[in-house]
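Notes for the one structure printed next.
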Amino acid sequence: MTGALVLRLLLALAALAAGGGWMGARDPAPALRRPFAPLARIERRAAGELGARVQRWRLVTTRGGTVSALWRAAPAGVPHPWTAVMMGGLQTGDQAALLLPADAPFHVLAVDWPWQGPRTLTPAEFALKLPAIERAALRSPAALALGVEAAARTPGVDPARIVLVGASLGAPPALAALRLTGAPDALVLVDAGADLELLMRVGLERHGWLHGPASVTAALAYQRVWPLEPALNARAAARLPVLLMNSAHDERMPRSAVVKLHASLPRATVRWRSGPHMRPGQRDVIARLARDADAWLRARDAAPPATAAGPEPRAATRAPR
Numbered sequence: 598m599t600g601a602l603v604l605r606l607l608l609a610l611a612a613l614a615a616g617g618g619w620m621g622a623r624d625p626a627p628a629l630r631r632p633f634a635p636l637a638r639i640e641r642r643a644a645g646e647l648g649a650r651v652q653r654w655r656l657v658t659t660r661g662g663t664v665s666a667l668w669r670a671a672p673a674g675v676p677h678p679w680t681a682v683m684m685g686g687l688q689t690g691d692q693a694a695l696l697l698p699a700d701a702p703f704h705v706l707a708v709d710w711p712w713q714g715p716r717t718l719t720p721a722e723f724a725l726k727l728p729a730i731e732r733a734a735l736r737s738p739a740a741l742a743l744g745v746e747a748a749a750r751t752p753g754v755d756p757a758r759i760v761l762v763g764a765s766l767g768a769p770p771a772l773a774a775l776r777l778t779g780a781p782d783a784l785v786l787v788d789a790g791a792d793l794e795l796l797m798r799v800g801l802e803r804h805g806w807l808h809g810p811a812s813v814t815a816a817l818a819y820q821r822v823w824p825l826e827p828a829l830n831a832r833a834a835a836r837l838p839v840l841l842m843n844s845a846h847d848e849r850m851p852r853s854a855v856v857k858l859h860a861s862l863p864r865a866t867v868r869w870r871s872g873p874h875m876r877p878g879q880r881d882v883i884a885r886l887a888r889d890a891d892a893w894l895r896a897r898d899a900a901p902p903a904t905a906a907g908p909e910p911r912a913a914t915r916a917p918r
């Protein structure tokens, strides 16, 4: 069989998959619930070597599964702090807790990705490890939901002031986690978009893949992780105040993906900034985003309750040119 024929066959399979030919009805909830098990206990260990007020957490489920996370308490004296339960990009994992300013006026629990393999993969490694990547990706919402439950059980945490945060690649699991827990009181998504198939294709091309193979691989991979699609899980956030924070010049996030996410969350507050996609080394950008999110949360504290029919205010809905 020639290479061209193989490519045509893969394209045909991808077209079938994209049309839903082998997936049937697209209700993500059952697939997201399968890996979930309730929290049995929290194992906490001081981690002073990582900074003040930092602990390593190991969350153990009733099935014996485990999730790793980093906790950092708010500075002493902060009145009535919110608690952020978050998942950052794949490269960051639970270290996202350490990227936030040490004086940030909220508790933070950063949950690590369930993926135990290398965080940087060549195209060949990605293809070979795709089934394992699929399993880990589909466990990520359950890991975040466990983090929410663990935070809510922690002394000093107000369980009515928990904000779920998803940054970059952590945004799809954050939205999907709302299928598994009703505890969060707000949602913040940073540098996020919808349309996972497009995002995977663009990511592969950014790492040197040609357009054709990248398109086929992304279409096939999407069939394994479609329950994480933000556009399918947006309705789970309907009851929550939502803050979307995006860069107007994001080189990693196609504008159409950002527009699709915003359209999926029409009542969200939208904030734009200049500059590229957020990276771990941009401490000043991260600090500013943390301040803006905290101010948004506290403004909601001070605002009168919204009416049942009244939409949440929508700010700066058009990106700066």
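The sequence shown lines up with residues 598 to 918 when you count with our numbering.
Every residue, glycine too, gets a C-beta built ideally from N, C-alpha and C.
These figures come from a predicted structure and were not determined experimentally.
| task | State the start and end residues of the unbroken alpha helix (DSSP H) segment that holds T814. | result | For this step, residue 814 is matched to residue 217 along the sequence shown. Counting along the chain, the alpha helix (DSSP H) containing T814 begins and ends at 808-822.
| Chain-order list of residues whose beta-carbon lies under 7 Å from that of Q652 (same chain, five-residue window excluded) | Position 55 of the sequence shown, counted from the first residue, corresponds to residue 652. Around Q652: R641, R642, A643, A644, W668.
| task | Pull up the CB-CB distance for V682 and L761, whole angstroms please, since I reckon it's below 8 Å. | result | For this step, residue 682 is matched to residue 85 along the sequence shown. For this step, residue 761 is matched to residue 164 along the sequence shown. Correct: roughly 6 Å between the Cβ atoms.
| said: Here's a check: name, in chain order, each residue in its chain whose Cβ is nearer than 6 Å to the Cβ of T680, leaving out the five neighbours to either side. | reply: The residue labelled residue 680 in the question sits at position 83 within the sequence shown. Around T680: H704, A748, V754, I759.
| message | Please state whether the Cβ-Cβ distance between G710 and A757 is less than 9 Å. | response | In the sequence shown, the residue the question calls residue 710 occupies position 113. In the sequence shown, the residue the question calls residue 757 occupies position 160. The identity of residue 710 in the sequence shown is Trp, whereas the question assumes Gly. Against a cut-off of 9 Å, the Cβ pair of A757 and W710 comes out as no contact.
| query | Would you call the segment 880-891 and the segment 818-837 touching, i.e. three or more CB-CB distances under 8 Å? | reply | no
| query | Which class does G645 belong to by DSSP, given the choice of helix, strand or coil? | reply | The sequence position of residue 645 within the sequence shown is 48, counting from 1. Helix, per DSSP.
| message | Would D847 and D792 qualify as a contact pair, given that the criterion is a beta-carbon distance under 9 Å? | response | Numbered from its first residue, the sequence shown carries residue 847 at position 250. Numbered from its first residue, the sequence shown carries residue 792 at position 195. No; because the gap between Cβ atoms is not below 9 Å, this pair is not in contact.
| task | Kindly indicate which residue of R631, E746, P698 has the alpha-carbon position closest to the one of L647. | result | As a position in the sequence shown, residue 647 is number 50, starting the count at 1. Nearest option by C-alpha distance: P698.
| said: Less than 9 Å between the beta carbons of L825 and A783, yes or no? | reply: Taking the sequence shown and counting its residues from 1, the one referred to as residue 825 is at position 228. Taking the sequence shown and counting its residues from 1, the one referred to as residue 783 is at position 186. Not a contact, by the Cβ cut-off of 9 Å.
| query | Who are the Cβ neighbours of F633 in its own chain at under 6 Å, not counting the five residues just before and after it? | reply | Residue numbering aside, residue 633 sits at position 36 when the sequence shown is read from its first letter. Hits under 6 Å: A739, L777.
| message | Just to confirm before moving on: does the CB-CB distance between R655 and T663 stay below 9 Å? | response | Numbered from its first residue, the sequence shown carries residue 655 at position 58. Numbered from its first residue, the sequence shown carries residue 663 at position 66. Going by C-beta atoms, R655 is nearer than 9 Å to T663.
| field | A854 and S871 closer than 9 Å at C-beta | value | Along the sequence shown, read from residue 1 onward, the residue named residue 854 stands at position 257. Along the sequence shown, read from residue 1 onward, the residue named residue 871 stands at position 274. It is not a contact, given that the beta carbons lie outside the stated cut-off.
| query | Exposed or buried, which one is T814 when buried takes at least 16 other CB atoms within 10 Å? | reply | Along the sequence shown, read from residue 1 onward, the residue named residue 814 stands at position 217. So T814 counts as buried.
| message | Please tell me whether A774 and G686 are closer than 9 Å, where the distance is taken between their beta carbons. | response | Within the sequence shown, residue 774 is the residue found at index 177, counting from 1. Within the sequence shown, residue 686 is the residue found at index 89, counting from 1. For A774 and G686, no; Cβs fall outside 9 Å.
| request: Would you list the residues sitting across from G763 in a DSSP beta bridge? | output: What you label residue 763 is simply residue 166 of the sequence shown in a count that begins at 1. Note: G763 sits in a beta bridge opposite M684, L786.
| query | Taking all protein chains shown into account, do 16 or more other C-beta atoms lie within 10 angstroms of the C-beta of T658, making it buried, or fewer, making it exposed? | reply | By one-based count along the sequence shown, residue 658 stands at place 61. Around the beta carbon of T658, a 10 Å sphere encloses 16 or more other beta carbons of the protein chains shown; the residue is thus reported as buried.
| Ordered list of alpha helix (DSSP H) runs contained in the segment 846-907, each at least 4 residues | 852-861, 880-899
| request: Starting from V657, follow the beta strand (DSSP E) in both directions and report where the run begins and ends. | output: The sequence position of residue 657 within the sequence shown is 60, counting from 1. First-last of the beta strand (DSSP E) with V657: 651-658.
| task | Give the range of the beta strand (DSSP E) segment to which L932 is assigned. | result | The structure shown does not extend to residue 932, since the chain spans only 598 to 918, so no value can be given for it.
| Close-in-space but distant-in-sequence residues of the same chain around P827 (CB under 6 Å, 5 per side omitted) | In the sequence shown, the residue the question calls residue 827 occupies position 230. Taken in chain order, the residues that qualify are P769, L772, A791, L858.
| query | For G801 versus A811, is the C-beta spacing smaller than 9 Å? | reply | Residue 801 sits at position 204 when you count from the first residue of the sequence shown. Residue 811 sits at position 214 when you count from the first residue of the sequence shown. It should be pointed out that residue 801 corresponds to Leu in this sequence rather than to Gly. Yes.
| Can you give the Cα-Cα distance for R750 and L743, rounded to whole angstroms? | Here residue 750 corresponds to residue number 153 of the sequence shown, with the count starting at 1. Here residue 743 corresponds to residue number 146 of the sequence shown, with the count starting at 1. Roughly 11 Å separates the two Cα atoms.
| For A831, which option in A865, A899, R803, L807 has the closest C-alpha, if you only look at C-alpha atoms? | If you number the sequence shown from 1, residue 831 lands on position 234. Cα-wise, what sits closest to A831 is A865.
| request: Would you decide whether P752 is buried or exposed? Buried here means 16 or more other CB atoms lie within 10 Å of its CB. | output: On the sequence shown, position 155 is the one that residue 752 refers to. Per the 10 Å Cβ criterion, exposed.
| request: Tell me, to the nearest whole angstrom, how far the beta carbon of V745 is from that of P702; I am working on the premise that it is less than 8 Å. | output: The residue given as residue 745 occupies position 148 in the sequence shown. The residue given as residue 702 occupies position 105 in the sequence shown. With 8 Å as the limit, V745 and P702 do not qualify as a contact, their Cβ atoms being about 20 Å apart.
| Bridge partner(s) assigned by DSSP for A707 | One-based indexing of the sequence shown puts residue 707 at position 110. DSSP lists L667, M683 as partners of A707.
| said: Quick check: what's the CA-CA separation for A670 versus A729? | reply: Your numbering for residue 670 matches position 73 in the sequence shown. Your numbering for residue 729 matches position 132 in the sequence shown. Whole-angstrom Cα-Cα distance: 33 Å.
| Residue span of the beta strand (DSSP E) that contains V839, given as start and end | Counting from one through the sequence shown, the residue named residue 839 turns up at place 242. For V839, the enclosing beta strand (DSSP E) stretches over residues 839-844.
| Between the Cα of D624 and the Cα atoms of G661, R736, L636, A833, which residue gives the shortest distance? | The residue given as residue 624 occupies position 27 in the sequence shown. Here the closest residue by C-alpha is A833.
| message | How far does the alpha helix (DSSP H) with V799 in it extend, from its first residue to its last? | response | Numbered from 1 along the sequence shown, position 202 holds the residue referred to as residue 799. Element bounds for V799: 793-803.
| query | Which same chain residues, not among the five before or five after A734, have their C-beta less than 7 Å away from its C-beta? | reply | Stepping through the sequence shown from its first residue, residue 734 is reached at position 137. Within the same chain, A734 has close Cβ partners V822, L825.
| query | Rounded to whole angstroms, how far is the Cβ of I883 from the Cβ of L706, which I believe are closer than 8 Å? | reply | Taking the first residue of the sequence shown as position 1, residue 883 is located at position 286. Taking the first residue of the sequence shown as position 1, residue 706 is located at position 109. Contact doesn't hold; Cβ gap of about 17 Å is too wide.
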